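Visitor: Here you go, one structure.
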Amino acid sequence: MLVNSTLKLEVDKQTVNYVSAWSVGQPAKSSATITVVQHEGKMYLVTNAHAVANSTYLKVKFNQGSTELPVTPVWIDPIMDVAIVETTSTEAEAFLASKVKPLEINTEFQPSSTEVNAYGYPAGGKSLSFTKGHISRTEVSTVAHSRLPGITVQTSAPINPGNSGGPITIVREKQEECIGIVSQGSTSLSNVGYFIPACTIVQTIENYKRFGALRARKFIDYVTVPQVSFEWQTLKNPSLRSELDMQDSLESEPLGIRVSQVPPKSCAYNHLQEGDVILEIDGHQIHADGSVQVKELENPISYLYLLQRKKYLDEIEFVIQRKNDKGEFETLKITIRLTEQLGRSIVGPKTDKPLKYHIQPSGKNGGYVFVRCTQPLMDTFTTTYSTGQKVIVDKSNVPPMFSEFSRLSPKRDGYEIVVLQDILVSEDTDGYENFALNRGGMCESDRVIEVNGEPIANLWDLVVALTKDPKKPSLVKFANGKELVIAPEAGEVRDALKSKYQIAFFTSPKVAPIVQLPFLDDINRLNNEGAGNSSAISLSC
């Protein structure tokens, strides 16, 4: 057993309060597993991002003995669900290095039916657990933590809470090698679990080595796998293929997917066009269903695999079919620089950051709570139930405005969706009760677009507009045409709200936009020039 290659991770957490944005959530405790790996001669402590999310204090324990060492997360990729932690002192690092034996990483994908070992510290026990299983398949599926597509491997090895971050190994020449770390078990299927492959672990380590100094100085939050944003449709229909002059035979696999839309913030904007047919990506033919056959895998896999095996800021080549000005189809090669990252949307990924908020007093004892809308906040309106072999997702309480948010493109850097989350009710707020986001499916408002005639592109814009003259009423306009008038502040309204709702700050500390240092502006400029007409690189959410 890998007694010296795994550690138990114990986590103290402070959850995010999505009901009262100005308050902290409940404290909690959890546990997970640390995998000790070696990459290019250096030791790394790797686990899942969801294991360290919301953490306030982390410590690791050995399988035997009572020694505990505090650790801290130094790199978190919330999209691929991978985190790297380190000890908090050089003495602790030296002690840890003397006690552990790092696993070698094997980035080769193993064929289905390969026997694997799963290690971890499942809940309910103190010692290291060991189970066996087999690889079932490798695919691009939803990563549970971010709910975004990622390369995952399905296994029959039993996986339980607490196993998260533990190593999945194979035995080669009597030595165990790490081929991935545990991600999650299935809540609806028996003997089904998923792990993050070693190639993703190595990519995370490489991103940490490359961008870790920027994160340590709080210039960026993370770097994850690249993406190329565009909408597409399959080309399996014979009539559609004929319309696009796609010649087929029974002996050959139908190729190509049709581009239906390219958003302005995509790194493919001005490179791909509506109506293009993508035939190849990086030398691999794209099947008509969007899958691709690669030599390292037994079965076809989504073309997203090709993008996620690349590094952020790499270049990738597309072969496309496009109709020219004469109405004739021609084949073109285009090169796109990967200046996009998966999950970099207006609402952001699933992270442990508290909500950014502003509370605007109204009248004698009322107020309105405005927040930046984030994916975790949106997720609170969806309920998931597991019943036997089914997982039921209840979206009946989702506010109608959310359907638009996924299609929005940032109007400029720093753009945020601002919503009215809550109302501190009084006679001055009466009649607006259904404008608050916390009304769920009954919410009548939308994102804020204007305050007192000033356009609102982020929460800071709203704060500036509302606080120019709080002794005058303010007119708030929403994207669906509805309006809200905030009464002027009267008397001791702020003291009254502080006492009644236990409010320490009316505006959260991180509402003001981060000032970009000159060298970061230079990075964006240089990368933008290297990418031709593609969009600038975004180094922070």
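Counted from 1, the sequence shown has number 474 at position 474 by the UniProt record's numbering; the numbering is strictly sequential. Glycine is no exception: its CB is placed at the ideal position from the N, C-alpha and C atoms. What you are looking at is a predicted structure, and each value in this text was computed from that prediction instead of being measured.
(1) Taking the alpha-carbon positions, what's the residue 400 to residue 482 distance?
(2) In this structure, how does DSSP classify residue 212 when only helix, strand and coil are distinguished?
(3) Can you tell which of 146, 179 and 271 has the C-alpha that lies nearest to the C-alpha of residue 116?
(4) Bridge partners of residue 358, per DSSP?
(5) Going residue by residue through the region 51–121, where are the continuous beta strand (DSSP E) segments of at least 3 residues, counting only ones entirely within it?
(6) In chain order, what are the residue ranges of uninterrupted alpha helix (DSSP H) at least 4 long that sit wholly in the region 315–359?
(7) Using only alpha-carbon positions, find the residue among 118, 143 and 60 that is nearest to residue 50.
(8) Helix, strand or coil for residue 239 per DSSP?
(9) Note down the Cα distance separating residue 426 from residue 472, rounded to an integer number of angstroms.
(10) So residue 356 packs on residue 511, CB below 8 Å; how close in whole Å?
(11) In whole angstroms, what is the alpha-carbon distance linking residue 405 and residue 417?
(12) Take residue 106 and list the residues in its own chain whose beta-carbon comes closer than 8 Å to its own, dropping the five residues that flank it on each side.
(13) Please state whether DSSP places residue 433 in a helix, a strand or coil.
(14) Quick check: the Cα distance between residue 515 and residue 414, rounded to an integer number of angstroms?
(15) Below 8 Å on the Cβ atoms is my guess for residue 168 versus residue 80; work out the distance and round it to an integer in Å.
(16) Helix, strand or coil for residue 547, going by three-state DSSP, please let me know.
(17) Give a yes or no on whether the C-beta atoms belonging to residue 159 and residue 118 are separated by under 8 Å.
(18) To which residues of the same chain is residue 479 closer than 7 Å at the C-beta, ignoring the five residues directly before and after it?
(19) Assuming residue 307 contacts residue 228 under a Cβ cut-off of 8 Å, what Cβ separation, rounded to an integer in Å, is found between them?
(20) So residue 32 is in the alpha helix (DSSP H); what residue range does that whole segment cover?
(21) Find the nearest neighbour of residue 110 within the set 295, 61, 272 and 24, judged by alpha-carbon distance.
(22) Output the boundary residues of the alpha helix (DSSP H) element that contains residue 375.
(23) How about the region 66–85 and the region 20–27: do they share at least three Cβ pairs that are nearer than 8 Å?
(24) So the beta strand (DSSP E) residue 422 belongs to, where does it begin and stop?
(25) Going by DSSP, what residue range makes up the beta strand (DSSP E) through residue 172?
(26) Let me check understanding here. Comparing Cα to Cα, which of 279, 262 and 154 lies closest to residue 322?
(27) Grouping DSSP H, G and I as helix and E and B as strand, with all else coil, what is residue 205?
(28) For the region 215–231 and the region 338–347, state whether three or more C-beta atom pairs, one from each stretch, are separated by less than 8 Å.
(29) Where residue 346 and residue 458 are concerned, what is the direct C-alpha to C-alpha distance, given to the nearest angstrom?
(30) Are the CB atoms of residue 200 and residue 82 within a distance shorter than 8 Å?
(31) Does residue 132 pass the burial test, meaning 16 or more other C-beta atoms within 10 Å, or should it be called exposed?
(32) Tell me which residue opens and which closes the beta strand (DSSP E) that residue 499 is part of.
(33) Residues in its own chain within less than 8 Å of residue 77 by CB, not counting five upstream and five downstream?
(34) For the alpha helix (DSSP H) that residue 461 lies in, which residues bound it at each end?
(35) Who does residue 42 pair with in a DSSP beta bridge?
(36) Starting from the Cα of residue 38, find the closest Cα among 327, 20 and 46 and give me that residue.
Guide: Taking the structure as given:
(1) Taking the first residue of the sequence shown as 1, we reach residue 400 at position 400. Taking the first residue of the sequence shown as 1, we reach residue 482 at position 482. Approximately 14 Å between the Cα atoms of the pair.
(2) Position 212 of the sequence shown, counted from the first residue, corresponds to residue 212. Correct three-state label for residue 212: helix.
(3) Position 116 of the sequence shown, counting from 1, holds the residue named residue 116. Among 146, 179 and 271, the Cα nearest to that of residue 116 is on 179.
(4) Position 358 of the sequence shown holds residue 358. Looking at the DSSP output, residue 358 bridges to 370 and 507.
(5) Counting whole runs of 3 or more residues, the region 51–121 contains the beta strand (DSSP E) stretches 55–61, 68–77, 82–87, 103–105 and 115–120.
(6) If we require 4 residues or more, the region 315–359 turns out to have no alpha helix (DSSP H) run fully inside it.
(7) What you label residue 50 is simply residue 50 of the sequence shown in a count that begins at 1. Closest by C-alpha distance to residue 50, out of 118, 143 and 60, is 143.
(8) As a first step, residue 239 is located in the sequence shown; it is residue number 239 there, counting from the start. Correct three-state label for residue 239: helix.
(9) On the sequence shown, residue 426 is found 426 positions in, with the first residue counted as 1. On the sequence shown, residue 472 is found 472 positions in, with the first residue counted as 1. In a straight line, the C-alpha of residue 426 is about 18 Å away from that of residue 472.
(10) Here residue 356 corresponds to residue number 356 of the sequence shown, with the count starting at 1. Here residue 511 corresponds to residue number 511 of the sequence shown, with the count starting at 1. Residue 356 to residue 511, Cβ: 5 Å. Contact.
(11) Position 405 of the sequence shown, counted from the first residue, corresponds to residue 405. Position 417 of the sequence shown, counted from the first residue, corresponds to residue 417. Per the coordinates, the alpha-carbon of residue 405 lies some 8 Å from the alpha-carbon of residue 417.
(12) As a first step, residue 106 must be located in the sequence shown, where it is residue number 106. Same-chain partners within the cutoff: 170, 172, 177, 178, 179 and 198.
(13) Taking the first residue of the sequence shown as 1, we reach residue 433 at position 433. Helix at residue 433.
(14) Taking the sequence shown and counting its residues from 1, the one referred to as residue 515 is at position 515. Taking the sequence shown and counting its residues from 1, the one referred to as residue 414 is at position 414. Below a pLDDT of 50, predicted positions are generally treated as unreliable, and residue 515, at 49, falls in that range; the measurement from the model is reported next regardless. In this model, residue 515 and residue 414 are separated by some 11 Å (Cα to Cα).
(15) Counting from 1 along the sequence shown, the entry for residue 168 is found at position 168. Counting from 1 along the sequence shown, the entry for residue 80 is found at position 80. Contact doesn't hold; Cβ gap of about 15 Å is too wide.
(16) A query on residue 547 cannot be resolved here, the shown segment of the chain reaching from 1 to 541 and no further.
(17) Working through the sequence shown from its first residue, we reach residue 159 at position 159. Working through the sequence shown from its first residue, we reach residue 118 at position 118. Going by C-beta atoms, residue 159 is nearer than 8 Å to residue 118.
(18) For this step, residue 479 is matched to residue 479 along the sequence shown. The answer, listed in chain order, is 446, 447 and 449.
(19) For the purposes of this step, residue 307 is taken as the residue at position 307 of the sequence shown. For the purposes of this step, residue 228 is taken as the residue at position 228 of the sequence shown. Between residue 307 and residue 228 the beta-carbon gap is near 6 Å, inside 8 Å, which marks them as a contact.
(20) Start at 1 with the first residue of the sequence shown, and residue 32 comes out as number 32. No alpha helix (DSSP H) holds residue 32; the beta strand (DSSP E) holding it covers 24–39.
(21) To locate residue 110, count along the sequence shown from 1; it is residue 110. Considering only 295, 61, 272 and 24, the residue with the shortest C-alpha distance to residue 110 is 295.
(22) Counting from 1 along the sequence shown, the entry for residue 375 is found at position 375. That run of the alpha helix (DSSP H) goes 375–379.
(23) The answer is no - the region 20–27 does not touch the region 66–85, with fewer than three Cβ pairs under 8 Å.
(24) Counting from 1 along the sequence shown, the entry for residue 422 is found at position 422. Residue 422: member of the beta strand (DSSP E) spanning 418–424, first to last residue.
(25) Numbered from its first residue, the sequence shown carries residue 172 at position 172. Annotation for residue 172: the continuous beta strand (DSSP E) segment containing it runs 167–172.
(26) To locate residue 322, count along the sequence shown from 1; it is residue 322. Answer by Cα proximity: 279.
(27) What you label residue 205 is simply residue 205 of the sequence shown in a count that begins at 1. Three-state DSSP puts residue 205 in a helix.
(28) Inter-segment contact for the region 215–231 and the region 338–347 is present: three or more beta-carbon pairs are separated by less than 8 Å.
(29) Here residue 346 is taken as the residue at index 346 of the sequence shown, counted from 1. Here residue 458 is taken as the residue at index 458 of the sequence shown, counted from 1. If you take the alpha carbons of residue 346 and residue 458, they lie about 10 Å apart.
(30) For the purposes of this step, residue 82 is identified with residue 82 of the sequence shown, where counting begins at 1. For the purposes of this step, residue 200 is identified with residue 200 of the sequence shown, where counting begins at 1. The answer is yes: Cβ separation under 8 Å.
(31) On the sequence shown, position 132 is the one that residue 132 refers to. Exposed, by the Cβ-count rule.
(32) The sequence position of residue 499 within the sequence shown is 499, counting from 1. Not the beta strand (DSSP E): residue 499 falls in the alpha helix (DSSP H), residues 493–501.
(33) For the purposes of this step, residue 77 is taken as the residue at position 77 of the sequence shown. Excluding positions up to five away in sequence, the list reads 49, 83, 204, 207, 222, 223 and 224.
(34) In the sequence shown, counting from the first residue as 1, residue 461 sits at position 461. Here the alpha helix (DSSP H) through residue 461 covers 459–467.
(35) The residue given as residue 42 occupies position 42 in the sequence shown. By DSSP's assignment, residue 42 forms a beta bridge with 39.
(36) Start at 1 with the first residue of the sequence shown, and residue 38 comes out as number 38. Answer by Cα proximity: 46.
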